[in-house]
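Asker: In the working numbering, the protein residues as written are 455 to 522.
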């Protein structure tokens, strides 16, 4: 197990999301999408964020959707 805490896509800032491998440059879009559509319930929903389809795969191990 890693000592690095998971980044919650529902609470993280754009800067925190940009620091995750595979998400660099997409943090703003993720935060905007979250603001328009509501919280993420599954990491697969990242593929629905404009410009991110298939690009978040490398960073998913570092991400969580937090508590429901």
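Ideal placement from N, C-alpha and C gives every residue a C-beta, glycine not left out.
Using 8 Å as the threshold, is the C-beta distance between residue 517 and residue 460 below it?
Answerer: Contact: yes.
Asker: In whole angstroms, what separates the C-alpha of residue 514 from that of residue 497?
Answerer: If I take the Cα positions, the gap works out to 7 Å.
Asker: How many angstroms separate the CA atom of residue 510 from the CA atom of residue 474?
Answerer: Going by the C-alpha atoms only, they are around 9 Å apart.
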